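A.B. asks:
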Amino acid sequence: MQREFAIVEIAMRIRDHLEWKLIYVGSAEDETYDQLLESVLVGPVNVGNYRFADPPDPSRIREEDVTGVTVLLLTCSYLGQEFVRVGYYFNNDYDDEQLRVEPPPKVLIEKIQRNIPSDKPRVTKFPINFHPENGGNEEPSSADHPVETKEVLASPNQI
1 MQREFAIVEI
11 AMRIRDHLEW
21 KLIYVGSAED
31 ETYDQLLESV
41 LVGPVNVGNY
51 RFADPPDPSR
61 IREEDVTGVT
71 VLLLTCSYLG
81 QEFVRVGYYF
91 NNDYDDEQLR
101 VEPPPKVLIE
111 KIQRNIPSDK
121 PRVTKFPINF
131 HPENGGNEEP
141 SSADHPVETK
151 EVLASPNQI
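Counting from 1, one number per residue, gives the positions in the sequence shown under UniProt numbering.
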């Protein structure tokens with residue numbers, strides 16, 4: 001079943017483009033195995049729904065990383081400044097108990113299922129200047145450090 005991310009609420013009109021990236025983390029130890037599933041420029045942005053992304057390519061994931069816990073990252077940037085990152089931790093494992101207990105020597109991709117507890121994303125917000133046309137004098141609205149929240153940007157039935 002093909003699933004898509006849907007961003008369902010934009011709080012204010014953005015004059016320039018937002019850059020949304022959806023990244024599949026292929027290995028916790030080596031980011032060269034990460035896959036950029038989609039990068040889209042959206043804008044100027046008004047209130048609306050936006051959908052994107054195909055699933056990751058299993059042939060680009062190291063065999064030892066096909067099963068187990070990994071992360072799907074959704075990031076958004078404005079004028080080159082990342083202001084939000086949503087991380088979905090999930091587990092890839094065999095759909096058959098026997099295969100989980102005794103994994104085959106060669107990974108059987110067609111038997112892998114993905115469990116995404118989408119009701120618990122990790123959201124990190126970064127302060128940026130949304131109005132650089134004001135000469136860059138406007139201070140970001142929050143502290144200079146990233147802020148993690150439990151806010152949900154995509155609902156479970158949309159993932």
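C-beta atoms are modelled at their ideal positions from N, C-alpha and C, and glycine is treated no differently. Predicted, not measured: the structure shown is a model, and the values here were computed from it.
Check for me: the beta strand (DSSP E) holding Arg-85 runs from which residue to which?
C.D. replies: Where Arg-85 is concerned, the enclosing beta strand (DSSP E) starts and stops at 81-94.
A.B. asks: State buried or exposed for Asn-59, treating a residue as buried only when at least 16 other CB atoms are found within 10 Å of its CB.
C.D. replies: The displayed chain sequence assigns Ser, not Asn, to residue 59. When all chains shown are included, Ser-59 counts as exposed.
A.B. asks: Tell me, which residues are paired with Arg-114 by DSSP?
C.D. replies: Asn-92
A.B. asks: From what residue to what residue does the alpha helix (DSSP H) around Leu-108 run?
C.D. replies: Segment: none, Leu-108 is in no alpha helix (DSSP H) and carries neither H nor E.
A.B. asks: Taking the straight line between their C-alpha atoms, what separation do you get for Asp-30 and Ile-61?
C.D. replies: Annotation: Asp-30 to Ile-61 spans about 11 Å, alpha carbon to alpha carbon.
A.B. asks: Tell me which same chain residues have a C-beta within less than 8 Å of the C-beta of Tyr-94, skipping the five on either side of it?
C.D. replies: Thr-67, Arg-100, Pro-103, Leu-108, Lys-111, Ile-112, Gln-113
A.B. asks: With DSSP run on the structure shown, which of helix, strand or coil describes Leu-18?
C.D. replies: strand
A.B. asks: Which residue marks the beginning of the alpha helix (DSSP H) containing Glu-97, and which one marks its end?
C.D. replies: Bounds of the alpha helix (DSSP H) holding Glu-97 are 97-101.
A.B. asks: So, helix, strand or coil for Ser-59, using DSSP?
C.D. replies: The three-state reading of DSSP puts Ser-59 in helix, counting H, G and I together.
A.B. asks: DSSP puts Gly-68 in a beta bridge; with which residues?
C.D. replies: Asn-92
A.B. asks: Excluding the five sequence neighbours on either side, which residues of its own chain have a C-beta within less than 8 Å of the C-beta of Asp-96, listed in chain order?
C.D. replies: By the criterion of a C-beta distance shorter than 8 Å, Asp-96 is surrounded in its chain by Lys-111, once the five residues flanking it on both sides are discounted.
A.B. asks: Measure from the alpha carbon of Pro-56 to the alpha carbon of each residue in Thr-124, Lys-106, Val-25, then state which is nearest.
C.D. replies: With distances taken between Cα atoms, Pro-56 lies closest to Val-25.
A.B. asks: Take Leu-72 as the anchor and find which of Tyr-33, Glu-63, Tyr-89, Leu-79 has the nearest alpha-carbon.
C.D. replies: Residue Tyr-89 is the option with its Cα nearest to Leu-72.
A.B. asks: Give every residue of the same chain whose Cβ lies closer than 6 Å to the Cβ of Val-86, excluding the five residues on either side of it in the sequence, and list them in chain order.
C.D. replies: Leu-74, Pro-121, Val-123, Leu-153
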